[in-house]
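**Student:** In our numbering, the protein residues as written are 2 to 462. Glycine included, C-beta positions come from ideal geometry on N, C-alpha and C. Structure below; questions to follow.
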Ligand code: GLY
Ligand code: MN
Ligand code: MN
């Protein structure tokens, strides 16, 4: 846990940013996998962790904005629990560690909320993403389950985003702990990416490295020789010489801050000339995008500049043609780079995505585009010091998309379909780093993980 004061200060700020009423923050409970006593790996809700710090199931946070009072509700363990789970700290003790003096049992929370509702007080809550918490809020507030998400408080969402999007030095240090684990993962991947190995063997070793560091993955590992499928979680392929292996993975730090790194490796250790050409374009894209990061810049602008770097590289290789400004404006590059440049990262790998992507990555100054490709940009707004974001351009040859656009002759002025068709078995290349926006620029977080084609080939040799 961070110091007690960190959590108290965060709640104090929240009370200043939310005008009145009560803020209800249920933590996550256990979630049954195949029977109640066999739950999924436990993961606390990130906003609960941020404001109330307790990394255990069964707790509810409450903040009375008008009365300037913070509460934690939970159930003290009985001797039966202790027999199965070992000695457990009392609710009061856990609450004191995060600066909360007022504690009670969940039934008291219900009474308090009932009273507040009859007094006409607003009860703010964040949009729940687990069925269990939809039911909890329904039970605690009387809002019908089907209405709960819609009734989430935009005022509270904005106040939470305002704090969580700016990472303190101690939060950045946590992210760098998870990046230390990432660094170990990628060393191992480079040793294992040899012909004859199965994707699942490397995936298992990645999960082993994370587990032996006492951590957990920040999202299911993407490790595939079919990197043209962006979120490919199938791990059954045998690696063949000259396959491209896309590995997109991350770990959590002890306090649950994420890392999210992607590298693309040539199976067998050497890129083919064709692979190296495309790799250099993605490398130029990730480098120029990272170097463009500075406070005051719109991330949408950096995304579009990066799209132009990709389009220019592809034009040099004969895959695109024509006026690149027009090509990027119209979205022709999205045949190859159909996703956004990156997203916020913190306690969640896609930080605060549960609060609504538009509430996190967009604001009054920028609306989400509806254009194919650009519409997937998760972070568009102006960058501020303290943001941690991913920079993750890629080039993919997606056969179904190529065939569809070719059939429609879509953007035929900008795309050399005859050339592109030859790349249908190529796969994809993505490179991803995690970057802090500093007061006057950027810092790539973590120890450097090999990224140039030359470094990768040297190590793999
Ligand atoms: N973890 C998927 C991504 O890079 O956004
Ligand atoms: Mn990733
Ligand atoms: Mn990412």
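Would residue 384 and residue 298 be called neighbours here (beta carbons separated by less than 8 Å)?
**Tutor:** The residue you call residue 384 lines up with position 383 of the chain shown. The residue you call residue 298 lines up with position 297 of the chain shown. Yes, the Cβ-Cβ distance between residue 384 and residue 298 is below 8 Å.
**Student:** What are the boundary residues of the beta strand (DSSP E) that residue 444 is part of?
**Tutor:** The residue you call residue 444 lines up with position 443 of the chain shown. Residue 444 -> beta strand (DSSP E) spans 443 to 445.
**Student:** Assuming residue 424 and residue 388 make a contact with CB atoms under 8 Å, what is their CB distance in whole Å?
**Tutor:** Here residue 424 corresponds to residue number 423 of the chain shown, with the count starting at 1. Here residue 388 corresponds to residue number 387 of the chain shown, with the count starting at 1. The pair is not a contact, with the Cβ atoms about 35 Å apart (cut-off 8 Å).
**Student:** Is any non-hydrogen atom of ligand 2 found closer than 7 Å to the C-beta of residue 261, if you look at the structure I gave you?
**Tutor:** Taking the chain shown and counting its residues from 1, the one referred to as residue 261 is at position 260. Residue 261: yes, Cβ under 7 Å from ligand 2.
**Student:** Over what stretch of residues does the alpha helix (DSSP H) that includes residue 463 continue unbroken?
**Tutor:** The chain is shown only over 2 to 462; residue 463 falls outside these bounds and no answer can be derived.
**Student:** Tell me which same chain residues have a C-beta within less than 7 Å of the C-beta of residue 309, skipping the five on either side of it?
**Tutor:** Translated into positions along the chain shown, residue 309 becomes position 308. These residues qualify, in order along the chain: 325 and 329.
**Student:** Whose C-alpha, out of 247, 229 and 183, is nearest the C-alpha of residue 194?
**Tutor:** The sequence position of residue 194 within the chain shown is 193, counting from 1. Among 247, 229 and 183, the Cα nearest to that of residue 194 is on 247.
**Student:** Mind checking residue 368: buried by the 16 CB within 10 Å criterion, or exposed?
**Tutor:** Sequence index remark: in the chain shown, residue 368 carries index 367 (1-based). It counts as exposed.
**Student:** Where does residue 353 sit, in a helix, a strand or coil, going by DSSP?
**Tutor:** Sequence index remark: in the chain shown, residue 353 carries index 352 (1-based). Looking at residue 353 - three-state DSSP - the assignment turns out to be coil, as it is neither helix nor strand.
**Student:** Report whether the distance from the Cβ of residue 249 to the nearest heavy atom of ligand 2 is below 7 Å.
**Tutor:** One-based indexing of the chain shown puts residue 249 at position 248. Checking every heavy atom of ligand 2 against the Cβ of residue 249, one is found closer than 7 Å.
**Student:** Suppose the cutoff is 6 Å on Cβ atoms and the five residues either side in sequence are ignored; what does the same chain contact list for residue 278 look like?
**Tutor:** As a first step, residue 278 is located in the chain shown; it is residue number 277 there, counting from the start. So the list reads 318, once near-sequence residues are dropped.
**Student:** Which value, in whole angstroms, describes the spacing of the CA atoms of residue 1 and residue 119?
**Tutor:** Because the chain spans 2 through 462 in this model, residue 1 falls outside it and cannot be assessed.
**Student:** Using only the alpha-carbon positions, how far apart do residue 5 and residue 74 sit?
**Tutor:** For this step, residue 5 is matched to residue 4 along the chain shown. For this step, residue 74 is matched to residue 73 along the chain shown. Looking at the two C-alpha atoms, the distance is approximately 18 Å.
**Student:** Taking 7 Å as the line, does the beta carbon of residue 230 fall inside it for any heavy atom of ligand 1?
**Tutor:** Locating residue 230 in the chain shown gives position 229, counting from the first residue. Result no, Cβ not under 7 Å from ligand 1.
**Student:** Does residue 419 come out as helix, strand or coil in the three-state DSSP assignment?
**Tutor:** For the purposes of this step, residue 419 is taken as residue 418 along the chain shown, with counting starting at 1. Three-state DSSP puts residue 419 in a helix.
**Student:** Given the structure, does residue 354 come close to ligand 2, in the sense that its CB is under 7 Å from one of the ligand's heavy atoms?
**Tutor:** Numbered from 1 along the chain shown, position 353 holds the residue referred to as residue 354. Taken from the Cβ of residue 354, every heavy atom of ligand 2 lies 7 Å or farther away.
**Student:** Within 8 Å, do at least three Cβ pairs link the region 374 to 382 to the region 326 to 346?
**Tutor:** Cβ pair count under 8 Å is three or more, so yes.
**Student:** Helix, strand or coil, according to DSSP, for residue 277 in the structure here?
**Tutor:** In the chain shown, residue 277 corresponds to position 276, counting from 1. Three-state result, residue 277: helix.
**Student:** Tell me the start and end of each unbroken alpha helix (DSSP H) in the region 210 to 298 that is at least 4 residues and wholly inside, in chain order.
**Tutor:** 274 to 292
**Student:** Give a single yes or no on whether residue 31 has its beta carbon closer than 7 Å to a heavy atom of ligand 5.
**Tutor:** By its list of ligands, the structure shown excludes ligand 5, since it contains just ligand 1, ligand 2 and ligand 3.
**Student:** Just verifying my parser: in three-state terms, what is the DSSP assignment at residue 321?
**Tutor:** Locating residue 321 in the chain shown gives position 320, counting from the first residue. Looking at residue 321 - three-state DSSP - the assignment turns out to be strand.
**Student:** To the nearest angstrom, report how far apart residue 230 and residue 16 are at their CA atoms.
**Tutor:** In the chain shown, the residue the question calls residue 230 occupies position 229. In the chain shown, the residue the question calls residue 16 occupies position 15. Near 44 Å, if we compare the C-alpha coordinates of residue 16 and residue 230.
**Student:** Per DSSP, residue 62 forms a beta bridge with which residues?
**Tutor:** Taking the first residue of the chain shown as position 1, residue 62 is located at position 61. Residue 62 is bridged to 26 and 73.
**Student:** Beta strand (DSSP E) containing residue 371: first to last residue?
**Tutor:** In the chain shown, residue 371 corresponds to position 370, counting from 1. Per DSSP, residue 371 belongs to no beta strand (DSSP E) and is neither H nor E.
**Student:** Quick one: residues in its chain with C-beta nearer than 7 Å to the C-beta of residue 48, no 5 flanking neighbours on either side, listed in chain order?
**Tutor:** The count along the chain shown starts at 1 and reaches residue 48 at position 47. These residues qualify, in order along the chain: 26, 127 and 161.
**Student:** Helix, strand or coil for residue 332, going by three-state DSSP, please let me know.
**Tutor:** On the chain shown, residue 332 is found 331 positions in, with the first residue counted as 1. The answer is coil: DSSP assigns residue 332 none of H, G, I, E or B.
**Student:** Report, in whole angstroms, the separation of the C-beta atoms of residue 206 and residue 189, which I expect to be a contact under 8 Å.
**Tutor:** Stepping through the chain shown from its first residue, residue 206 is reached at position 205. Stepping through the chain shown from its first residue, residue 189 is reached at position 188. About 6 Å separates the beta carbons of residue 206 and residue 189, which is inside the 8 Å limit, making them a contact pair.
**Student:** Under 7 Å Cβ to Cβ from residue 271, same chain only, skipping five residues before and after it: list those, please.
**Tutor:** Translated into the one-based positions of the chain shown, residue 271 becomes position 270. The answer, listed in chain order, is 458.
**Student:** Do you know whose CA, among 394, 371 and 142, lies nearest residue 344's CA?
**Tutor:** Against the chain shown, residue 344 aligns to sequence position 343. Minimum Cα distance to residue 344 is reached at 394.
**Student:** Which residue wins for smallest C-alpha separation from residue 77, given the options 90, 428 and 52?
**Tutor:** Here the question's residue 77 lines up with position 76 in the chain shown. Minimum Cα distance to residue 77 is reached at 90.
**Student:** So the beta strand (DSSP E) residue 431 belongs to, where does it begin and stop?
**Tutor:** Mapped onto the chain shown, residue 431 falls at position 430. Run containing residue 431: 429 to 431, per the beta strand (DSSP E) assignment.
**Student:** Consider the C-beta atom of residue 393 and the heavy atoms of ligand 2; say whether any pair is separated by less than 7 Å.
**Tutor:** Here residue 393 refers to the residue found at position 392 of the chain shown. For ligand 2, at least one heavy atom lies less than 7 Å from the Cβ of residue 393.
**Student:** In terms of residues, what are the limits of the alpha helix (DSSP H) holding residue 390?
**Tutor:** Numbered from its first residue, the chain shown carries residue 390 at position 389. First-last for residue 390: 389 to 392, but that is the beta strand (DSSP E), not the alpha helix (DSSP H).
**Student:** Alpha carbon to alpha carbon, what distance is there between residue 252 and residue 199?
**Tutor:** If you number the chain shown from 1, residue 199 lands on position 198. If you number the chain shown from 1, residue 252 lands on position 251. Using only the alpha carbons, I get a separation of about 22 Å.
**Student:** Taking all protein chains shown into account, do 16 or more other C-beta atoms lie within 10 angstroms of the C-beta of residue 351, making it buried, or fewer, making it exposed?
**Tutor:** Along the chain shown, one-based indexing puts residue 351 at 350. It counts as buried.
**Student:** Can you tell which of 371, 382 and 354 has its C-alpha closest to the C-alpha of residue 364?
**Tutor:** What you label residue 364 is simply residue 363 of the chain shown in a count that begins at 1. Of the listed residues, the one whose Cα sits closest to residue 364 is 382.
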